[in-house]
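**Q** Have a look at this one before I ask anything.
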Amino acid sequence: MELRMIRYILFLVMIMCTPVSFAFSAETNLPIDQFGRIPILHEGRVKPMDSFARLEILKFSKKETPTGLPPLVWLANALFDPVRAVEDRIFLIENPTTRHELGLEERQKPLYSYIELVPGLEKTAPKIANFMNIPPKDLGRSEKDLLNIHENALEFTYILRSFSSVLPLNIQVSPEWRQKAGLGTTDPITFVSLHKMNRDVETAVKAIIKKKGKDPERYSAAEQDLVTLGWQLKTIGDAGKNNILLRVIPTIDADGYASPWELINDGKGSPLSEQELKKWIRLSNAWQQQDAGEWERVLETIVQNNGKISLEVLYNQIAPFRVAIFIFALSLCFSVAHFVAPQIYLYRLSFIALLLGILVQFVGLAIRVEVMARPPVGTLYESILFVGLIAPIVSLLVEYRLKNGTGIISGAISGVLLGILGFSLIGEGDNMKVLGAVLNTRFWLTTHVLCITIGYGWCLLTSVLAHLLLLQKAFGRSIVETQNSLIRTMTTHSLVSLFFTTVGTILGGIWADQSWGRFWGWDPKENGALLIVLWLIWLIHGKIAGQISHLFWICGMAFLSVVVAIAWVGVNLLGVGLHSYGFIEGVFWGLGGFSAAEALLIGTMLYRIMQSEGGHFAR
Amino acid sequence: MRNLSRQLKKTGLKLAHPKILFWVLPFMILVLVIGTVSQKEFGILAAQEAYFSSYFYTLGFIPLPGGLTLMMVLGVNLLAKFLFKSHWSFAKAGTIITHFGVLVLILGGAVTYITAKEGYLIVAEGETSDVVEDYHERMLVIRNGDHIIYQIPFDHLQDGFKISPAGTDFIVTITKACSNCGITRRPVSEQDGWTSPGKFMRLDPKPSDPQDEKNMAGIEFMVSGAGPDMDGRYLTFDKFPKPPQIEVPVQNGSSLIYTIAVERRKRILPFSISLKSFKQDFHPGTDMARSYQSSVTVTDGDESWPALIQMNEPLRYRGYTLYQSSFDVTGNKPYTVLTVVENKGRIFPYLSTLIIALGLILHVMIRISGKRNGVAND
Chain A
3 MELRMIRYIL FLVMIMCTPV SFAFSAETNL PIDQFGRIPI LHEGRVKPMD SFARLEILKF
63 SKKETPTGLP PLVWLANALF DPVRAVEDRI FLIENPTTRH ELGLEERQKP LYSYIELVPG
123 LEKTAPKIAN FMNIPPKDLG RSEKDLLNIH ENALEFTYIL RSFSSVLPLN IQVSPEWRQK
183 AGLGTTDPIT FVSLHKMNRD VETAVKAIIK KKGKDPERYS AAEQDLVTLG WQLKTIGDAG
243 KNNILLRVIP TIDADGYASP WELINDGKGS PLSEQELKKW IRLSNAWQQQ DAGEWERVLE
303 TIVQNNGKIS LEVLYNQIAP FRVAIFIFAL SLCFSVAHFV APQIYLYRLS FIALLLGILV
363 QFVGLAIRVE VMARPPVGTL YESILFVGLI APIVSLLVEY RLKNGTGIIS GAISGVLLGI
423 LGFSLIGEGD NMKVLGAVLN TRFWLTTHVL CITIGYGWCL LTSVLAHLLL LQKAFGRSIV
483 ETQNSLIRTM TTHSLVSLFF TTVGTILGGI WADQSWGRFW GWDPKENGAL LIVLWLIWLI
543 HGKIAGQISH LFWICGMAFL SVVVAIAWVG VNLLGVGLHS YGFIEGVFWG LGGFSAAEAL
603 LIGTMLYRIM QSEGGHFAR
Chain B
9 MRNLSRQLKK TGLKLAHPKI LFWVLPFMIL VLVIGTVSQK EFGILAAQEA YFSSYFYTLG
69 FIPLPGGLTL MMVLGVNLLA KFLFKSHWSF AKAGTIITHF GVLVLILGGA VTYITAKEGY
129 LIVAEGETSD VVEDYHERML VIRNGDHIIY QIPFDHLQDG FKISPAGTDF IVTITKACSN
189 CGITRRPVSE QDGWTSPGKF MRLDPKPSDP QDEKNMAGIE FMVSGAGPDM DGRYLTFDKF
249 PKPPQIEVPV QNGSSLIYTI AVERRKRILP FSISLKSFKQ DFHPGTDMAR SYQSSVTVTD
309 GDESWPALIQ MNEPLRYRGY TLYQSSFDVT GNKPYTVLTV VENKGRIFPY LSTLIIALGL
369 ILHVMIRISG KRNGVAND
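So the sequences go chain by chain: A and B. Using this note's numbering, read the first sequence as starting at 3 and increasing by one per residue. Using this note's numbering, read the second sequence as starting at 9 and increasing by one per residue.
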């Protein structure tokens, strides 16, 4: 943590903009959409500014619109009008201990502005220096929260200072130094324009100090102005040293984009980048003056036609997976209504809604595949999205066979539950992550991971069918023939589940053999996949050999959801092996709660069925 | 003869009883769950040895069958089922093929368990190596120059253990052996009789790290019979750059130097690897690697050829797999770390995958077609 940076920020925002920037409102009438299509290199990939703005504001406040402004408007304000932006209440501090430590007042919504945070950040900076020496796993919750708010504040200062090298500064420069810098009397003063004479200023300041000491009162007025100028330039330069967040300037090197400060600090500048930087200065002026014509003209020159960027913006705007949950929920409502009061139009509506939900989920995944140029199963969150497509598609096969709404309701339930699971595990930051070297292989993602996640989806759908069967029997809502055909369908689906999980697991072993020279390493994720396979083999063989009753078999298939959840998400919590994503307390309790709820639900239905039928079921 | 055959079939049918599978599988699930959860505390290697590669383990005071026992019972049950209880008909073709595939998989597991060896090879840019060090197995090695005159697995060492290497007059007595040692400062009151650096350093046992590679095995020992200058107390530990040396005078006025070291078990490859260059490629603007690659030269006898080893693309040669597992670019020269695996059973998973997939597909297809024809078929 750079404590100096926090201290300098107030000074920086004071001098960074011309007075005109104070004159306009945070609200804007400028067309902002095109601004969102500007490419930016962030976290290893080029993404639209729209994504960047959403990610940053979500990181600070866990909401996209804490100030009521769209994320892009908030970002434009922070970039081009930092003086006002430091007053935006965007930092969410939920932990009362952290609020107390930072000396913040209590309010209904615990959102605070940067200005409000600064005294507390300064006060707690020594603690942060100590936290840096402690492994993250050994930090308490309050300590992690405090560290997090410091990191967020630092990142916000990077945004605020992104253009501090090229935006007009509100500092005094004598005519002599203006002339040395090659500036006319009316030219705006910027760090870049003064940068070339920075060394001369430093030399002159050193000479003054050597001659007259460090007491400013002994300096002449001109000397005082020069020393102040030197300090100001040094402060701005130091503060920009690590500012690599806003990589929007195209460069000729392999990285492709650089931040304005990188151009100065790392010597990445070129005639091309200088031209691009000028466009941003014009853009900044247009924003400050709310000049729509100039704003659009400049954006036209910055934004290039890029299919992936446009797709990602579209993806952000339509939020397909949120829409899909809503449509699956709608399908579920129609399905339930159809089961309560069978009507053909309810059946059709539920079916159409399910199809629509699948389509939207598919579109969302297709966009992700196009944007990331890899199969959509590189992370846990992505695998949930993918299974959220597979399970409803499998439900169509069930419906094709049964034609009584069972497939539709099971698909809708899977869609809704997996959608909610996806949102609960979306995590912080970009969910279109670049992958590490081991996972960076399209072939194995396409074969092993797709196969095993299809297996997960099929298992979950089979489990939902088993739940429905238990429900039907427990509450006597269906005839024996319907149950029998559902049992036959479940049997087929349990075999298909076994097929995909077995082949997927073995393919994982082959990937391990191809990459690491060994087929099986008892990694928790490998063991989890094997757990599903063993569970299915046990139930299927137990049923075939007559070792278990149909009722036990159905209960076992219903409990498959818990086995899959443990194998899919639970083993990652161990923090061991190649698939470890670390312990997440919320996920741990969520998984525990889900397992307990399933055990209770299945147990209750089993009890009710055994009470009503004496244990003889569907023989 | 007929009686023997009848008896064999009778035994085979008993061994093929589905009850065996039915009871083996829950125990397998149990050992899988316990072994996996225990990795959090003990690490993968210890959990593997305690549960998956063991014949028995105890849960509290209850003895339970370990992974090896269960796999053997499962293998026998499945083999007996395959030989004596299979219904050799088209309707059951999928099941039979699938079971055969699982048998192949189990057989492959057994071959791998018995024959697989794993270690790592470290080589610096511009240098050559054919030495593979074991990840886990530590040895106490005594060398005369480069020649090993005595070695013993570290696990066999205990306090009071005496070693008298053949052809020498000195005796090494182990006074302390710890599989994971911490280093502390030796108090002045305990420094008598110690040679540097043991005079100032003390090895103290620490709890084992779940990641076995991080455990630092070490010993404190006493040398006697090597002459007044060399007799004394010493210490050495895994990766210690300057292990103790005992200089023993011989008759012609010269002397022999014996080095006593704790090190990983070493194997020599039948070929050598020279590192031409190591390269890592990052995702732009991050420190997250997109790929690593070692450009090497393989030399086998008089022949040499270039090869590229990178993530997910190992080098396979003469039954060895060399894959990119780590690196070090902090020093003057970059080092690459290649994991070397020798596994004679590696073909089995490939075969079994094909067989199992074929069997399951056939089973589902026969089942679906049976349903269409109105035949109830589980």
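Ideal Cβ positions, reconstructed from N, Cα and C, are used throughout, including at glycine. These numbers were taken from a predicted model, which means no experiment stands behind them.
When the cut-off is 8 Å and only beta carbons count, does A/V515 lie next to chain B?
**A** The amino acid occupying residue 515 of chain A in the given sequence is Asp; Val does not appear at that position. Chain B contact via Cβ: present.
**Q** Within the same chain, show all residues whose beta-carbon is closer than 7 Å to that of A/L332, passing over the 5 residues directly before and after it, in chain order.
**A** A355
**Q** Assign B/K125 to one of three DSSP states: helix, strand, or coil.
**A** strand
**Q** Could you tell me which chain B residues have their CB closer than 9 Å to the CB of A/P41, listed as they occur along the chain?
**A** What A/P41 touches in chain B: nothing, since even the nearest Cβ is about 12 Å away.
**Q** Verify the CB distance criterion: does B/G293 have a CB-CB separation below 8 Å to chain A?
**A** With respect to chain A, the C-beta atom of B/G293 has a partner C-beta closer than 8 Å.
**Q** Who are the neighbours of A/R444 on chain B, taking C-beta pairs under 7 Å?
**A** Residues of chain B passing the Cβ test: none, with the nearest at roughly 10 Å.
**Q** Rounded to whole angstroms, what's the CA-CA distance from A/E615 to A/S397? Just pull it up for me.
**A** The alpha-carbon separation between A/E615 and A/S397 amounts to approximately 29 Å.
**Q** Out of curiosity, what's the CA-to-CA distance linking A/I611 and A/A468?
**A** 14 Å
**Q** Give the interface partners of B/Y300 over in chain A, defined as CB-CB distance under 8 Å, in chain order.
**A** A439
**Q** Taking C-alpha atoms, which residue in B/P218, B/T267, B/D220, B/S263 lies nearest to B/Y242?
**A** B/T267
**Q** For the region 19-53 of chain B, enumerate the residues whose C-beta is nearer than 8 Å to any C-beta of chain A, in chain order.
**A** Flagged, chain order: P26, K27, L29, F30, L33, P34, M36, I37, L40, V41, G43, T44, V45, Q47, K48, G51, I52.
**Q** On the criterion of 16 or more Cβ atoms from any shown chain inside 10 Å, does A/N132 qualify as buried, or is it exposed?
**A** exposed
**Q** Taking Cβ positions only, does B/P342 come closer than 8 Å to chain A?
**A** no
**Q** So B/R354 contacts chain A; which residues on that side make the cut at Cβ distance below 9 Å?
**A** D515, G519, R520, F521
**Q** For A/I34, name the three-state secondary structure that DSSP assigns.
**A** A/I34 falls in the coil class under three-state DSSP.
**Q** Could you give the residue range of the alpha helix (DSSP H) that holds B/S204?
**A** No alpha helix (DSSP H) holds B/S204; DSSP gives it neither H nor E.
**Q** Using a Cβ cut-off of 8 Å (strictly closer), state whether B/T120 contacts chain A.
**A** Yes, B/T120 lies at the interface with chain A (some Cβ there is under 8 Å from its Cβ).
**Q** In the DSSP assignment, the beta strand (DSSP E) including A/P50 goes from what residue to what residue?
**A** 47-50
**Q** Identify each residue in the region 58-74 of chain B for which the Cβ-Cβ distance to at least one residue of chain A is less than 7 Å, and report them in chain order.
**A** F60
**Q** Determine which residues of the region 296-329 of chain B have a Cβ less than 9 Å from any Cβ of chain C, and write them out in chain order.
**A** Annotation note: the requested chain C is absent from the structure, which comprises protein chains A and B.
**Q** In the structure shown, what three-state DSSP assignment does A/P128 receive?
**A** helix
**Q** Using a Cβ-Cβ cutoff of 7 Å, what residues of the region 192-204 of chain B are near chain A? List them in chain order.
**A** Along the region 192-204 of chain B, there is no position whose C-beta sits under 7 Å from a C-beta of chain A.
**Q** In chain order, what residues of the same chain have a beta carbon less than 7 Å from the beta carbon of B/L316, not counting five sequence neighbours either side?
**A** Q301, S303
**Q** Taking 8 Å as the limit between beta carbons, can you name the residues of its chain near B/D237, skipping five residues before and five after?
**A** E255
**Q** Can the beta-carbon of A/H495 be found closer than 8 Å to that of A/W540?
**A** no
**Q** Does any C-beta atom of chain B lie closer than 8 Å to the C-beta of A/I45?
**A** A quick correction: the sequence has Glu, not Ile, at residue 45 of chain A. With its beta carbon less than 8 Å from one in chain B, A/E45 belongs to the interface.
**Q** Excluding the five sequence neighbours on either side, which residues of its own chain have a C-beta within less than 8 Å of the C-beta of B/G43, listed in chain order?
**A** The residues are A55, Q56, A58, Y59, F60, G75.
**Q** Assign A/L467 to one of three DSSP states: helix, strand, or coil.
**A** In the structure shown, A/L467 adopts helical secondary structure according to DSSP, grouped into three states.
**Q** How is A/N135 classed by DSSP in three states: helix, strand or coil?
**A** coil
**Q** From A/L417 to A/L60, what does the alpha carbon distance come to, in whole angstroms?
**A** Checking the sequence shown, residue 417 of chain A turns out to be Gly, not Leu. Rounded to whole angstroms, A/G417 to A/L60 spans 25 Å at the Cα level.
**Q** Whole angstroms is fine: what's the gap from B/G168's alpha carbon to B/L86's?
**A** 49 Å
**Q** Taking C-alpha atoms, which residue in B/E228, B/L283, B/S94, B/S187 lies nearest to B/E221?
**A** B/S187
**Q** Go ahead and label B/R272 buried or exposed: buried means 16 or more other beta carbons lie within 10 angstroms of its beta carbon, across all protein chains shown.
**A** buried
**Q** Step through the CB atoms of chain A and report whether any lies within less than 8 Å of the CB of B/P357.
**A** yes
**Q** Work out the CA separation of A/N574 and A/P73 for me, nearest whole Å.
**A** 33 Å
**Q** Between B/Q318 and the rest of its own chain, which residues show a CB-CB distance below 8 Å, the 5 nearest in sequence each way excluded?
**A** S299, Y300, Q301, S302, Q332
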